[in-house]
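Undergrad: Quick note, the sequences are listed as chains A and X, same order. If you read the first sequence in the UniProt record's numbering, its first letter stands for residue 1, the second for the next number, and so on. If you read the second sequence in the UniProt record's numbering, its first letter stands for residue 1, the second for the next number, and so on. Backbone N, C-alpha and C fix where the C-beta goes; we use that ideal spot for every residue, glycine too. Small disclaimer: the values here were computed from a predicted structure and weren't measured.
2 protein chains.
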Amino acid sequence: MLPVRFIEALSAALPASRIVLDPDVMAAHSRDQAAWAPEGRAVALVRPESAEQVRAVVAVCGEDRVPVVPRGAGTGLSGGANAVDGCVLLALDGMDRILEIDRDEQLAVVQPGVVNDSLRAAVAGHGLWYPPDPASSPWSTIGGNAATNAGGVCCVKYGVTRDYVLGLQVVTGTGELVRLGRRTRKGVAGYDLAGLFVGSEGTLGVITEITVRLLRLPRETPRTIVGAFDSLVGAGRAVAATAAAGITPSALELVDRYCLRAVDDWRNMGLTDLGDVLLLGRIDTGDELEAAALQGCFDAAGAVWSTRSTDAEEAEALFSARRLAYPALERLGPVLTEDVCVPRGLVPEMLARIERHAETHGVHIANIAHAGDGNLHPLIVVPAGDDEARTRAQRVFEAILDDAIALGGTVTGEHGVGLLKKRGMHAEVGEDVLALHRAIKSALDPAGIFNPGKII
Amino acid sequence: MLPVRFIEALSAALPASRIVLDPDVMAAHSRDQAAWAPEGRAVALVRPESAEQVRAVVAVCGEDRVPVVPRGAGTGLSGGANAVDGCVLLALDGMDRILEIDRDEQLAVVQPGVVNDSLRAAVAGHGLWYPPDPASSPWSTIGGNAATNAGGVCCVKYGVTRDYVLGLQVVTGTGELVRLGRRTRKGVAGYDLAGLFVGSEGTLGVITEITVRLLRLPRETPRTIVGAFDSLVGAGRAVAATAAAGITPSALELVDRYCLRAVDDWRNMGLTDLGDVLLLGRIDTGDELEAAALQGCFDAAGAVWSTRSTDAEEAEALFSARRLAYPALERLGPVLTEDVCVPRGLVPEMLARIERHAETHGVHIANIAHAGDGNLHPLIVVPAGDDEARTRAQRVFEAILDDAIALGGTVTGEHGVGLLKKRGMHAEVGEDVLALHRAIKSALDPAGIFNPGKII
């Protein structure tokens with residue numbers, strides 16, 4: 001590769017103002033929020049304004065086999081957006097226009113840089129709802145959400161990003177700008193290539209436009225059900241009981257004492273007075289009997305206290321405490337974020353194993369969880385600069401992944417593989433399935449330029 | 001290829017009783033229900049009893065590059081299961097065991113030959129529900145449903161087969177038996193290979209086991225809303241109005257006068273007295289106001305009469321008339337089945353175009369539709385033996401596909417591409433996207449043995 005000639009070729013692909021070579025700015029765009037995931041050195045950062053500019057950048061990179069690392073807001077937690085050596089960082093956050101909201105067909109068409117909450121607010125004005133709600137929704141982009149198949153709080157009832165992506169426009173490994181998927185409610189004309197690109201973490205191409213399916217904005221006042229437990233495993237038993245009872249909450253979140261304390265220390269919300277471990281449930285059907293049944297599950301599993309209400313302000317305070325848990329913990333030191341997902345009946349067992357690892361290895365593990373999905377986020381918090389603790393934390397990180405696999409679960413429920421979960425994912429799927437991944441990667445990205453070294 | 005040596009190799013792969021060489025039996029298994037789709041001559045029919053036997057058969061075929069054509073119940077409508085010359089027909093209907101129903105995790109694990117209605121009945125005994133309900137549900141298999149990503153009546157609210165497939169066991173093109181997907185509620189460990197195999201019509205591998213997600217059996221008594229219209233386009237306007245009103249029925253079916261008459265001629269149900277074109281809606285939330293709103297949409301769009309009730313028997317009679325429409329029409333002559341899907345607001349325009357084609361070309365077109373999805377099934381009925389009419393029918397068939405594409409729709413909403421929709425699908429997706437299909441096909445089926453000539 002000849003850097004000068006290459007930069008000249010880039011300059012023909014998009015305006016000079018859209019090419020950034022300042023090392024500090026490049027460094028600031030060279031990683032996501034995953035602690036300790038390695039990052040490489042980029043040769044350029046580009047900020048295209050259109051799909052055509054993305055296509056031109058990919059063509060230039062393809063010619064010289066320069067790696068392309070696409071990124072949205074950089075809120076990922078697995079290192080998927082981290083720079084690799086010699087790459088072009090393709091920042092899509094500037095392509096942030098909502099192109100269309102079709103109320104009658106219940107769909108929206110957006111550029112990849114549209115922020116999740118912005119889309120939600122815009123469609124709410126039409127009485128519509130875009131359900132996927134990762135905790136990063138105030139900052140993360142729909143492009144990044146699609147690339148990682150992001151989840152969130154309401155997934156337990158409403159599904160994940162892939163369930164809402166109808167169609168994509170992508171730049172392919174052969175440099176074409178193509179449309180995958182559809183605008184209609186149903187369609188089986190060929191392979192589900194849009195679904196394949198969702199969750200592929202930028203390794204198969206670059207997403208330049210997304211068509212999402214929308215639901216009607218819920219009309220019922222949601223009921224919030226809160227239960228306080230004196231142990232993690234006790235709360236886990238309530239989760240298993242809820243699943244066994246066939247209750248379908250629209251949220252079932254767990255927040256433990258470490259998180260409550262961290263949020264209190266930061267925002268003084270008085271959460272630690274509520275209990276050691278909280279379960280926050282929501283029933284959005286307007287069915288008072290189901291809300292009572294959920295509270296009954298909490299009580300029968302040994303809740304210290306429980307309550308239910310339709311008070312929106314109170315509910316918002318509790319759910320925002322859950323959202324604040326992660327940034328509150330980050331104030332205490334680097335956080336190694338897990339994302340395992342296990343069968344719901346095994347949530348108590350998985351939580352018990354996590355607690356044992358914390359004790360055995362002498363590390364602090366805080367727990368938040370999309371508990372109703374069996375999707376747990378044990379957060380391993382390490383004092384800044386303590387290298388020995390860091391080594392122990394990394395050992396626990398891998399041990400928890402192995403436990404999830406042993407319980408029939410997965411190493412990543414919603415954050416993606418990126419760099420941090422590669423060993424775990426390979427252990428989970430096995431060599432034969434990894435070979436299928438490699439075959440697809442080679443087929444769609446023959447030059448191997450898209451986000452190399454991620455996932456596989 | 002040496003037939004004798006090849007048959008000997010097959011005999012090592014599975015018991016002699018599972019290999020059928022009788023030409024009549026082979027011929028009877030050489031096609032699905034798609035009228036006029038070409039069929040080839042198979043060299044053998046095999047009926048494996050286990051995934052391991054499927055693997056062994058594929059290995060034998062792979063060695064000699066003998067095409068493998070998998071089939072379930074043969075109820076497909078696009079020719080996807082039709083024999084190609086020199087193929088082995090791989091009949092999976094004998095692998096029909098339900099391996100597991102897990103009430104707490106709300107999932108079931110089944111072999112591919114389990115009939116859709118059998119699964120629905122079995123899980124209902126546990127208070128659970130498998131939503132996808134193609135009209136073929138009394139006969140079609142879950143394996144075939146997964147291979148074609150089958151839809152049905154309740155898709156308008158509950159989605160299609162892919163939305164319920166969590167994991168698959170498949171035999172790959174390199175002869176391995178692998179597991180794709182997961183058992184947990186969420187998971188993003190690698191590419192969505194299970195989703196890619198769903199709807200791939202047997203062209204990427206053979207499905208030997210399916211893990212499906214289940215819902216809780218609905219508890220509310222559904223409300224049935226019926227509207228009679230004096231024209232197809234009038235009924236289409238009611239469909240568009242329903243979409244615009246943001247109503248979410250759990251079924252919204254259209255049946256026209258040709259179908260009503262055909263069912264009456266066969267079963268004497270007195271349907272023709274009800275009106276020219278019927279819309280059958282269902283609201284399953286227990287929300288009387290929403291049921292009234294749906295009826296209001298029918299009335300405002302010009303319904304001749306309308307009614308709503310919670311009478312289960314009455315509702316069952318009407319919906320069974322809709323299911324009987326297709327076999328009733330088949331009694332009148334060969335039926336060329338369309339499966340276009342258009343944006344819901346364009347249902348009236350698409351129906352008007354279909355009517356014009358019928359008039360212009362002098363062909364009989366009956367209409368049934370999953371109208372709420374925009375998924376229309378114009379059925380072109382031809383008098384048996386009338387070759388001239390057949391030519392006109394085939395011309396109209398292609399013209400309707402082109403109209404669907406022109407309206408931003410798809411040539412196939414739920415039946416699949418098979419053989420009949422190849423030209424239409426290629427016109428819909430374009431050469432660049434077709435190239436992506438070919439690349440994936442080559443990557444996963446390097447020997448090109450799986451259902452060659454279908455889709456691409």
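Report, in whole angstroms, the separation of the C-beta atoms of residue 367 of chain A and residue 256 of chain A, which I expect to be a contact under 8 Å.
TA: Going by Cβ atoms, the distance from residue 367 of chain A to residue 256 of chain A rounds to 4 Å, so yes, they are a contact pair.
Undergrad: Buried or exposed, going by whether 16 or more other CB atoms sit within 10 Å of the CB of residue 82 of chain A?
TA: The residue in question, residue 82 of chain A, is buried, as its Cβ has 16 or more Cβ neighbours within 10 Å.
Undergrad: Please confirm whether residue 326 of chain A has its beta-carbon closer than 9 Å to some beta-carbon of chain X.
TA: It does not; no Cβ of chain X falls within 9 Å.
Undergrad: Could you pull out every residue in the same chain whose Cβ sits closer than 6 Å to the Cβ of residue 47 of chain A, ignoring the five residues on either side in sequence?
TA: Cβ neighbours of residue 47 of chain A beyond the five flanking positions: 18, 91 and 94.
Undergrad: With a cut-off of 8 Å on the beta carbons, I'd call residue 29 of chain A and residue 71 of chain A a contact; round off their distance for me.
TA: Right, their Cβ atoms sit about 7 Å apart.
Undergrad: Have a look at X:340, X:395, X:85 and X:444 and flag the residue whose alpha-carbon is nearest the alpha-carbon of residue 31 of chain X.
TA: Per the Cα distances, X:85.
Undergrad: Which partner residues does residue 370 of chain A have in the DSSP bridge list?
TA: For residue 370 of chain A, which the question treats as bridged, DSSP gives the partners A:375.
Undergrad: So which residues on chain X does residue 200 of chain A lean against when the C-beta distance must stay under 7 Å?
TA: By Cβ distance, chain X contributes 191.
Undergrad: Just reading off the alpha helix (DSSP H) that residue 327 of chain X is part of, what are its end residues?
TA: Residues 312-330.
Undergrad: What whole-angstrom Cβ distance do residue 160 of chain A and residue 371 of chain A have, given they're in contact under 8 Å?
TA: That pair is no contact at about 16 Å.
Undergrad: Would you list the one or two residues that DSSP bridges to residue 177 of chain X?
TA: Beta-bridge pairing links residue 177 of chain X to X:171.
Undergrad: Would you verify that the beta carbon of residue 282 of chain X is, or is not, closer than 9 Å to some beta carbon of chain A?
TA: No, residue 282 of chain X lies away from the interface with chain A (no Cβ there is under 9 Å from its Cβ).
Undergrad: Any beta carbon of chain X sitting closer than 9 Å to that of residue 254 of chain A?
TA: Output row for residue 254 of chain A: interface = no.
Undergrad: Whose C-alpha, out of X:196, X:192 and X:189, is nearest the C-alpha of residue 192 of chain A?
TA: Checking every option, the nearest Cα to that of residue 192 of chain A belongs to X:196.
Undergrad: For the alpha helix (DSSP H) containing residue 387 of chain X, list its first residue and its last residue.
TA: 387-406 is the extent of the alpha helix (DSSP H) around residue 387 of chain X.
Undergrad: Taking 6 Å as the limit between beta carbons, can you name the residues of its chain near residue 135 of chain A, skipping five residues before and five after?
TA: Cβ within range, chain order: 323.
Undergrad: For a contact defined as C-beta to C-beta under 7 Å, what are the partners of residue 136 of chain X on chain A?
TA: Per Cβ cutoff of 7 Å: no residues; residue 136 of chain X is ~15 Å from chain A at best.
Undergrad: Could you tell me the distance, in whole angstroms, from the CA atom of residue 100 of chain X to the CA atom of residue 447 of chain A?
TA: Residue 100 of chain X and residue 447 of chain A: Cα-Cα distance of roughly 44 Å.
Undergrad: Could you give the first and the last residue of the continuous alpha helix (DSSP H) run that contains residue 278 of chain X?
TA: First-last for residue 278 of chain X: 277-283, but that is the beta strand (DSSP E), not the alpha helix (DSSP H).
Undergrad: Along chain X, in chain order, which residues have C-beta atoms closer than 7 Å to that of residue 186 of chain A?
TA: Here the neighbours are 151, 155, 160, 341, 373, 375, 413 and 414.
Undergrad: Tell me whether the beta-carbon of residue 417 of chain X lies closer than 9 Å to the beta-carbon of residue 380 of chain X.
TA: Cβ atoms of residue 417 of chain X and residue 380 of chain X: not closer than 9 Å.
Undergrad: Can the beta-carbon of residue 352 of chain A be found less than 9 Å from the beta-carbon of residue 262 of chain A?
TA: Taking 9 Å as the Cβ cut-off, residue 352 of chain A and residue 262 of chain A do not qualify as a contacting pair.
Undergrad: Check the Cβ of residue 176 of chain A against every Cβ in chain X and list those closer than 7 Å, keeping chain order.
TA: Going along chain X in sequence order, the residues near residue 176 of chain A (Cβ under 7 Å) are 432.
Undergrad: So, residue 249 of chain A versus residue 281 of chain A, is the Cβ gap smaller than 9 Å?
TA: A contact, by the Cβ cut-off of 9 Å.
Undergrad: Give the straight-line distance between the Cα atoms of residue 402 of chain A and residue 423 of chain X, rounded to the nearest whole angstrom.
TA: Cα-Cα distance, rounded: 48 Å.
Undergrad: Within 9 Å of any Cβ in chain X, is that where the Cβ of residue 455 of chain A sits?
TA: Interface residue, yes.
Undergrad: Are residue 457 of chain X and residue 144 of chain X close, meaning C-beta to C-beta below 9 Å?
TA: For residue 457 of chain X there is no data in the structure shown, the boundaries of chain X being 1 and 456.
Undergrad: Identify which residue in X:139, X:285 and X:51 has its Cα closest to the Cα of residue 177 of chain X.
TA: With distances taken between Cα atoms, residue 177 of chain X lies closest to X:51.
Undergrad: Mind the definition here: the region 166-177 of chain X touches the region 205-222 of chain X only if three or more C-beta pairs lie below 8 Å; say whether that holds.
TA: With the cut-off at 8 Å, the region 166-177 of chain X and the region 205-222 of chain X touch.
Undergrad: Ordered along the chain, which non-local residues of its own chain (more than five positions away) have a Cβ less than 7 Å from that of residue 438 of chain A?
TA: For residue 438 of chain A, where only same-chain residues beyond five positions count, the Cβ hits under 7 Å are 456.
Undergrad: From residue 431 of chain A to residue 174 of chain X, what distance separates their C-alpha atoms?
TA: Rounded to the nearest angstrom, the two C-alpha atoms are 13 Å apart.
Undergrad: Checking contacts by CB at 9 Å: is residue 250 of chain X closer than that to chain A?
TA: By this cut-off, residue 250 of chain X is not an interface position.
Undergrad: Between which two residues does the beta strand (DSSP E) carrying residue 306 of chain A extend?
TA: From DSSP, the beta strand (DSSP E) with residue 306 of chain A extends over 305-309.
Undergrad: Excluding five sequence neighbours on each side, which residues of the same chain lie with their C-beta closer than 8 Å to the C-beta of residue 309 of chain A?
TA: Closer than 8 Å at Cβ, skipping near neighbours: 223, 224 and 315.
Undergrad: In whole angstroms, give me the CA-to-CA distance for residue 364 of chain A and residue 357 of chain A.
TA: So the alpha carbons of these two residues sit roughly 10 Å apart.
Undergrad: Does residue 266 of chain A come out as helix, strand or coil in the three-state DSSP assignment?
TA: Residue 266 of chain A: helix per DSSP, three-state reduction.
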